Amino acid sequence: MDLLAQILINGILLGGLYAVMALGLALVWGVLNIVNLAHGAFIMLGGYLSWHLYTYLGIDPFLGLPITAVVMFGLGYCLQRGVLNLIVRAPMFNTLLITFGLEVVLTYLAQMAFSADFRTINPSYAGSNIALGPVVIPMARLMAFGVAVVLTVGMWLFLLHSRLGRAIRATAQNLVAARLYGVEPRHLYAMTFGIGIGLAGAAGGLYGTVSQIDPYIGATLTAKSFAIAIIGGLDNPLGVLVGGLVLGIIESLTVLYIGATFGDVASFGVLVLVLIVRPSGLLGKTA
Amino acid sequence: MKALVSILLVVAVAVLAAVPWFGSDVLVQFGINALLLAVLAQGWNIIGGYTGYASFGNSVFYGLGSYGVAIAMVQWELPFAVGMIFGVVLAVAFAFLLGLPVLRLKGHYFAIATLALAQVMIAIVSNIGIAGQNIGLVLPPLNNDPLFYELSLILLVAATATVFWLTRIRFGFGLIAIRENEEGAAVMGVNTTLYKVLAFALSGVFSALAGGIHAYWITFLDPASAFDISLNVKMIIMAVFGGPGTVLGPVLGAFVLSGVSEVLSSEVTSAAGLFFGLVVVVAVIFMPRGLADLMRRFRTSGWRYFAENLRAHRI
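Residue numbers (UniProt numbering), protein chains in the order written: chain H, 1 to 287; chain X, 1 to 315.
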């Protein structure tokens, strides 16, 4: 029983992090109708950025998150403005391919620049735990979870209430109408993609504190983000949070009861099952 | 014009078939790889190019074909040909079992579901005893590169002939109709589910045969290399670069990209991968319908061809 409680806690803490990973993917998918297969690669880049900030400049990974997010936002904005805006109206398959090409490019660049070694961000409090009765909560994971929830709820409020958030939602609903009301689509698309990549960067920084980063983590993280976006739906960050928690708990349970190698099988199995049973997602609407 | 094209094709195949007699060992080995990749691209062309279902999971068929040959030859000590048939049976069974639910999905959903399946296969095969778990299997060596080369060439010719035949028969028209408008095709009496599953299976048959030849040639396979996800990327990029939904485009794309990547990787090792990524990005922007379309339309439009593509899809 204690073990089960511990596994559930681990799953929930992991799930919060998963939610932030998926948040940017869901946003870009919902608004631009691009499934960004390079999303995981941007998470990886964010992780490396945080690692460098911590290792060479001594900036705490959690305090460094805004820097990582802003730099990644800039990268995303420029990429959308300079490259992806050129194909945003192309058929679905071409947008998939171009982001796949980006993922390959980013992975190889990362391999050349950072080598294939594992990196972990290890601040002084990385090893400390909070004991809650029989259950142990690792400090870094709890902090990552806290940031993840704040980011998700913040994103939800931003989309609901800010001027830019409304413009983004309007564009997602109807591009022509949004244009008539003065939305500049090139800029707005770039802002949306930038925010998505900024979130991916922040997720990468968090990921680096709880797990290992290497140039090849991108593809798996993209697939997981996609699974979460499918479960949670594209129109509401809170749905994505639920999706992340569901996947985190399922994965933790699988690793305990079936075997460590089946963790990924479980998440992709869930993805395929959800797609087959309810192609429109479990919660809310999807594209 | 038609006669000229067919004569050229026959000459090209004859020259390719003669390569083991005048080419070096390195050239023959490169040739086997390029031919097998061309088979994969052509196999993908059936489901991705003609039917319009962007499968990111064809590597599963390739892996099943490899393991079919390996299990038959190592565990049951059967001849290579039986192993090839076993691999094809596995691939067709997979196409029917998983194709039925997965082919109901459309667009992004289908692409990612197949990608997820491809990822899951590595973990599943790693836990199967008869497949050697995650250690893999070692096949009896057969040191005869020219034989593997000719087998690969025959397979590629067979795959291309099949695709050509598809463009002439009712079944092929049905697939194109599904790609253009699935509801419309269903209304016109096309049994879309059956057609899609058959296209998926047919594409799987060729991929599995390519995997079988590759396994016997390399004589060693483990789950990670047999079900290598990046193989999907390669075959799709080659097919799309050459021209999806055309008979010769995928073969052309496979040869051109294999050649360039071979030259690059002999210079700088990691440059080949980077190059693949960049080619995809540039190709999607400037020639989204591939080399075949470029060659057809470049004569009339000239350099404006690229600008026209750019204008069509940007915002």
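Positions of the beta carbon are idealized from the N, C-alpha and C atoms, including for glycine.
As the structure is a computational prediction, the values presented were derived from the model and not from experiment.
Any beta carbon from chain H within less than 9 angstroms of residue i's own beta carbon?
i, result
"residue 47/X", "no"
"residue 109/X", "yes"
"residue 75/X", "no"
"residue 229/X", "yes"
"residue 249/X", "no"
"residue 61/X", "no"
"residue 105/X", "yes"
"residue 58/X", "no"
"residue 143/X", "no"
"residue 288/X", "yes"
"residue 7/X", "no"
If we cut at 9 angstroms on Cβ distances, does residue i have a partner in chain X?
i, result
"residue 118/H", "no"
"residue 271/H", "yes"
"residue 287/H", "With a pLDDT of 44 at residue 287/H, under the threshold of 50, the modelled position of this residue cannot be trusted, and the question is left open."
"residue 259/H", "yes"
"residue 236/H", "no"
"residue 262/H", "yes"
"residue 98/H", "yes"
"residue 243/H", "no"
"residue 44/H", "no"
"residue 29/H", "yes"
"residue 109/H", "yes"
"residue 227/H", "yes"
"residue 101/H", "yes"
Since residue i is in the beta strand (DSSP E), which residue starts that stretch and which ends it?
i, result
"residue 103/X", "Here residue 103/X belongs to no beta strand (DSSP E), and DSSP marks it neither H nor E."
"residue 239/X", "Note, residue 239/X: premise wrong, no beta strand (DSSP E); alpha helix (DSSP H) at 230-242."
"residue 135/H", "135-138"
"residue 13/H", "Residue 13/H -> not in any beta strand (DSSP E); alpha helix (DSSP H) instead, spanning 2-32."
"residue 130/H", "129-132"
Excluding the 5 residues flanking residue i on each side, which residues of the same chain have their C-beta closer than 6 angstroms to its C-beta?
i, result
"residue 54/H", "61, 121"
"residue 255/H", "263"
"residue 294/X", "287"
"residue 119/H", "51, 213"
"residue 2/H", "134"
"residue 138/H", "129"
Skipping 5 residues on each side, what residues in its chain have a beta carbon closer than 8 angstroms to that of residue i?
i, result
"residue 171/X", "195, 198"
Name the two residues that bound the continuous alpha helix (DSSP H) containing residue i.
i, result
"residue 223/X", "223-226"
"residue 321/X", "Residue 321/X falls outside the range modelled here, since chain X spans only 1 to 315, and no answer is possible."
"residue 305/X", "304-313"
"residue 44/X", "25-44"
"residue 296/X", "290-301"
"residue 65/X", "58-70"
Please compile the residues from chain C whose C-beta is within a distance smaller than 8 angstroms of the C-beta of residue i.
i, result
"residue 265/H", "The chain labelled as chain C is not found among the protein chains of the depicted structure, namely H and X."
Suppose the cutoff is 7 angstroms on Cβ atoms and the five residues either side in sequence are ignored; what does the same chain contact list for residue i look like?
i, result
"residue 172/H", "30, 31"
"residue 107/H", "41, 215, 216, 218"
- Query: Between the segment 157-191 of chain X and chain H, which residues of the former have CB atoms less than 8 angstroms from a CB of the latter, in chain order?
  - Reply: For the segment 157-191 of chain X, which is checked against every Cβ of chain H, not one residue is closer than 8 angstroms.
- Message: Quick check: the segment 181-188 of chain X against the segment 197-207 of chain X, are at least 3 beta-carbon pairs closer than 8 angstroms?
- Response: By the criterion of at least three beta-carbon pairs nearer than 8 angstroms, the segment 197-207 of chain X is not in contact with the segment 181-188 of chain X.
- In the segment 153-177 of chain H, which residues sit with their C-beta less than 7 angstroms from some C-beta in chain X, listed in chain order? Residues: none.
- the segment 251-262 of chain H contacting the segment 77-92 of chain X, beta-carbon criterion three pairs below 8 angstroms: They do not touch, by the three-pair rule.
- Query: Is the segment 237-247 of chain H in contact with the segment 98-105 of chain H, if contact means three or more CB pairs nearer than 8 angstroms?
  - Reply: No, the segment 237-247 of chain H is not in contact with the segment 98-105 of chain H.
- Report the residues of the segment 180-212 of chain H with a CB closer than 9 angstroms to any CB of chain X, ordered along the chain. Listed by position along the chain: 185, 186, 189.
- At least 3 beta-carbon pairs within less than 8 angstroms: the segment 123-138 of chain X vs the segment 17-24 of chain X: Under the Cβ criterion (8 angstroms, minimum of three pairs), the segment 123-138 of chain X does not count as touching the segment 17-24 of chain X.
- What residues in the segment 63-90 of chain H bring their beta carbon closer than 8 angstroms to a beta carbon of chain X? Answer in chain order: 83, 85, 86, 87, 88, 89, 90.
- Message: Using a Cβ-Cβ cutoff of 8 angstroms, what residues of the segment 212-225 of chain H are near chain X? List them in chain order.
- Response: For the segment 212-225 of chain H, which is checked against every Cβ of chain X, the residues closer than 8 angstroms are 219, 220, 223.
- Item | Validate contact between the segment 86-95 of chain X and the segment 232-241 of chain X using beta carbons, cut 8 angstroms, 3 pairs | No contact exists between the segment 86-95 of chain X and the segment 232-241 of chain X.
- Query: Residues in the segment 268-285 of chain X with C-beta within 7 angstroms of chain H's C-beta atoms, listed in sequence order?
  - Reply: Look at the segment 268-285 of chain X: the residues with a C-beta under 7 angstroms from a C-beta of chain H are 270, 273, 274, 276, 277, 278, 280, 281, 284, 285.
- Task: Determine which residues of the segment 135-151 of chain H have a Cβ less than 8 angstroms from any Cβ of chain X, and write them out in chain order.
- Result: Per Cβ criterion, the list is empty.
- Mind checking the segment 289-315 of chain X against chain H and listing, in chain order, the residues whose C-beta falls within less than 8 angstroms of any C-beta there? Within the segment 289-315 of chain X, the residues whose Cβ lies closer than 8 angstroms to some Cβ of chain H are 310, 312, 313, 314, 315, listed in chain order.
- Message: Any contact between the segment 221-228 of chain H and the segment 266-278 of chain H? By contact I mean 3 or more CB pairs, one from each, below 8 angstroms.
- Response: Touching, yes, given that three or more Cβ pairs across the two stretches are closer than 8 angstroms.
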